[in-house]
Amino acid sequence: AVGLCPYRALLARRGGALRALCGSVRGLAAGAETHFGFQTVTEAERREKIYRVFESVAKKYDVMNDSMTLGIHRVWKDILVHKMNPTPGTLLLDVAGGTGDIAFRFINYVRSVRERQLQRKLRHHQNLSWQEIAESYEEDKSKSLGDSQVVVCDINKEMLKVGKQKAQHLGYSKGLSWVLGNAEELPFDDDKFDVYTIAFGIRNVTRIDLALQEAYRVLKPGGRFLCLEFSQVSNSLLSRLYDLYSFQVIPVLGEVIAGDWKSYQYLVESIRRFPPQEEFKAMIEDAGFFKVDYQNLNLGIVAIHSGFKL
Amino acid sequence: VRCQPSPPRRALQASAVLRRVSDEQKEPLASSSQQQFDAHPTNHQPEQEPQGPRPSYTGQGGQESEDYESEEQLQHRILTAALEFVPEHGWTAEAIAEGAKTLGLSAAAAGMFHSDGSELILHFVSQCNTKLSELLEQEQKLVQLGEAEKKPTDQFLRDAVQARLRMLIPYIEKWPQALSILLLPHNIPSSLNLLASMIDDIWHYAGDQSTDFNWYTRRAVLTGIYNTTELVMMQDSSPDFEDTWRFLENRVADAMNMGNTANQVQSTGEAVVQGLMGAAVTVSN
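For the protein sequence lines, the chains are A and B, in the order given.
Quick note on numbering: the numbering used here labels position 224 of the first sequence as 224, and the sequence is numbered without any gaps.
Just so we're on the same page, the numbering used here is the position in the second sequence counted from 1, plus 1000.
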């Protein structure tokens, strides 16, 4: 189609060898047809295109999020972490976590829970000696996070770079790790993490079923899968307004703020292509999760799906 | 690794933890059947038939196959394990998280439950009620076998309420918190239900067979006694809660007297009316 041409030209520019490779590979594993927004492409092409999209938007990603959602995305992410309700000592894997929004919120939450715990402990130990109290301050300071840790995993180097810079800027250092990895093939061992989150990332994954299976694999027994993602709006009036806003306003914002119409056109189309709540719930159950449920936010513009590895 | 035929909805993978539980449950079965092998040759050898005879668990939607425990049972096990952490953490999601950890699950499993700890409290109350029923059942059996005397009603009620309230003693410090959570609007239907069925049980074993309005008055009265005694127990600091049991004794005695008083009032009322009628007749003559 028309949309494919500029991308094919890009590919050619990258060198004839790569093109030839793509051509031969296309006939084999990457032969499966899939979608990129409203276009039809092969799986390999889709992965490449999405990589390019995020490579180009990385620096303006947060600014664009704020302007597109009028800042409401912050509330959505807060609700996600509140729903998670992590206790100190939780090991979180944030996939497609790019610029670190979920990771930072997790650290803040765990820190405040830990402080409350320490306060409660001190109230109970009213009859300690001065020395014992001083000792407990020492050991509590060294464990301000209570051994909680978050690993941010993203497939895109640019997004990770922006995330690391943000962490440095905001002063987050302890309990935070950055790993380059593909959600369809995570570089982690089995049964490692307490919680797996993927916020606004799973619709960019080419093989969602593989990502869900990987999520199941790396979670500990009893671990929780949480997915925050755009979903289908059932209310017809809201749906019409939402479509209007998505297709008319967002790509324009993308051009004006980030200088990139096509990426934001892709974003809006990919939201429409993502399966609705019930279908996604069935996919999560197929991967082996139990007690799968979803919560609609803003009448279905966004949904949080949750499942447990039991 | 055994290949189990999973139900069609769980096409790809069977669960990790639920199967493990059924393995644990097989072991006591295995050991007991080996011990009794000579006496009961019809017992299945565990090695030959790993899917031994097992009561089928009624899952909610019939999704779980008969050999696995259901999600509900796993939830019950987590809540039971969480009870031992209640004195320290209160009736909270933290206690549930600690409970999950003792079962080898991640603390994130506490996310299956409401974050205010409601399910933990309701589970505990339901467990206590079950224990009380069993206790009363055993006592009744002893009476039927003639090994014990049948208690008079007021003593029976006193003992039953005391036994039930004693189950709260390990958690007494955090029980006021639990009571307030049980009063939250979304918990009231369940907590009232549990309370009503417990009171019903006590009256049943007390031998109440009334089919008239007494059925309601008896239950209302006992509910009142139970609730007030529970509240008194919250603030009681006497050794072994003596004050509470004395309060209970007085309330039960009051309730018994109330029955007599009602009859007395009625007969007095009739007598007064007759006297008045007689006076009226005398005056008219």
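Think of the CB as a built atom: it goes at the ideal place given N, C-alpha and C, for glycine as much as any other residue.
- Sequence-distant partners of N182(A) (beyond 5 residues in either direction) whose C-beta falls short of 6 angstroms from its own C-beta, in its chain, are I155.
- One thing to note: R1158(B) has its Cβ within 8 angstroms of the Cβ of E1249(B).
- The shortest CA-to-CA distance from V95(A) to any of L186(A), I50(A), R114(A) is the one to L186(A).
- Taking 8 angstroms as the cut-off, the beta carbon of L1195(B) is found no closer than this to the beta carbon of T1217(B).
- For A199(A), the enclosing beta strand (DSSP E) covers residues 193 to 199.
- Among the residues facing chain B, T90(A) is included, as its CB has a counterpart in that chain under 8 angstroms away.
- Within the same chain, P88, G89, R114 come within 6 angstroms of G146(A) by CB-CB distance, once the 5 residues on both sides are set aside.
- Runs of the alpha helix (DSSP H) spanning 4 or more residues and lying entirely within the segment 1205 to 1277 of chain B occur at 1214 to 1234, in chain order.
- Per DSSP, G288(A) is not a residue of any alpha helix (DSSP H), being assigned neither H nor E.
- Distance from the CA of Y216(A) to the CA of D189(A), rounded to the nearest whole angstrom, comes to 11 angstroms.
- Counting only runs of 3+ residues, the beta strand (DSSP E) found wholly inside the segment 49 to 125 of chain A occupies 91 to 95, in chain order.
- Within chain A, the residues T87 have their CB atoms less than 7 angstroms from the CB of E1094(B), given in chain order.
- Residues of chain A with a Cβ closer than 7 angstroms to the Cβ of L1074(B) are, in chain order, L310.
- Counting along the chain, R1166(B) sits inside the alpha helix (DSSP H) bounded by residues 1153 to 1166.
- For K59(A), no chain B residue has a C-beta closer than 9 angstroms to its own C-beta; the minimum C-beta separation is roughly 34 angstroms.
- Taking 8 angstroms as the threshold, the shortest C-beta distance from L1165(B) to chain A does not fall below it.
- Each of V1161(B), K1174(B), H1123(B) was checked against the Cα of S1190(B), and the nearest Cα belongs to H1123(B).
- Not a single C-beta of chain B is nearer than 8 angstroms to the C-beta of R116(A).
- Neighbours of R224(A) in chain B, taken as residues whose beta carbon is under 8 angstroms from its own, are S1106, A1108, A1109, G1111 in chain order.
- For L226(A), the three-state secondary structure derived from DSSP is strand.
- A direct Cα-to-Cα measurement between L1120(B) and T1102(B) gives close to 16 angstroms.
- Between A1097(B) and chain A, the shortest Cβ-Cβ separation is below 8 angstroms.
- Proximity of chain B to M84(A) at the Cβ level (cut-off 9 angstroms) is accounted for by A1108, G1111, in chain order.
- DSSP, read as helix, strand or coil, puts L1183(B) in coil.
- Within the model, the alpha-carbon separation for T1244(B) versus E132(A) is close to 39 angstroms.
- With respect to chain A, the C-beta atom of A1255(B) has no partner C-beta closer than 8 angstroms.
- According to the DSSP assignment, L176(A) belongs to no alpha helix (DSSP H) but to the beta strand (DSSP E) extending over 176 to 180.
- Using a Cβ-Cβ distance cut-off of 8 angstroms, the segment 197 to 208 of chain A and the segment 1085 to 1103 of chain B are not in contact, since fewer than three pairs of beta carbons, one from each stretch, lie closer than that value.
- Shown here for V1161(B): same chain residues with a beta carbon closer than 7 angstroms to its own, the five before and five after excluded, namely I1225, Y1226, T1229, L1248 in chain order.
- Less than 8 angstroms divides the Cβ of A258(A) from the Cβ of M64(A).
- R46(A) sits buried, since 16 or more C-beta atoms from the chains shown fall within 10 Å of its C-beta.
- Ranked by how close their Cα comes to the Cα of M1234(B), the residues Q1127(B), N1260(B), G1275(B), P1170(B) have P1170(B) in first place.
- If you draw a straight line from the Cα of Q165(A) to the Cα of L1182(B), it comes to about 48 angstroms.
- With respect to the C-alpha of A1148(B), the residue from Q1155(B), Q1140(B), D1154(B) having the closest C-alpha is Q1140(B).
- Cβ contact annotation for P221(A) (same chain, cutoff 8 angstroms, sequence separation greater than five): D191, K309, L310, in chain order.
- The closest CA to that of H169(A), considering only Q149(A), F104(A), S136(A), S231(A), is found on F104(A).
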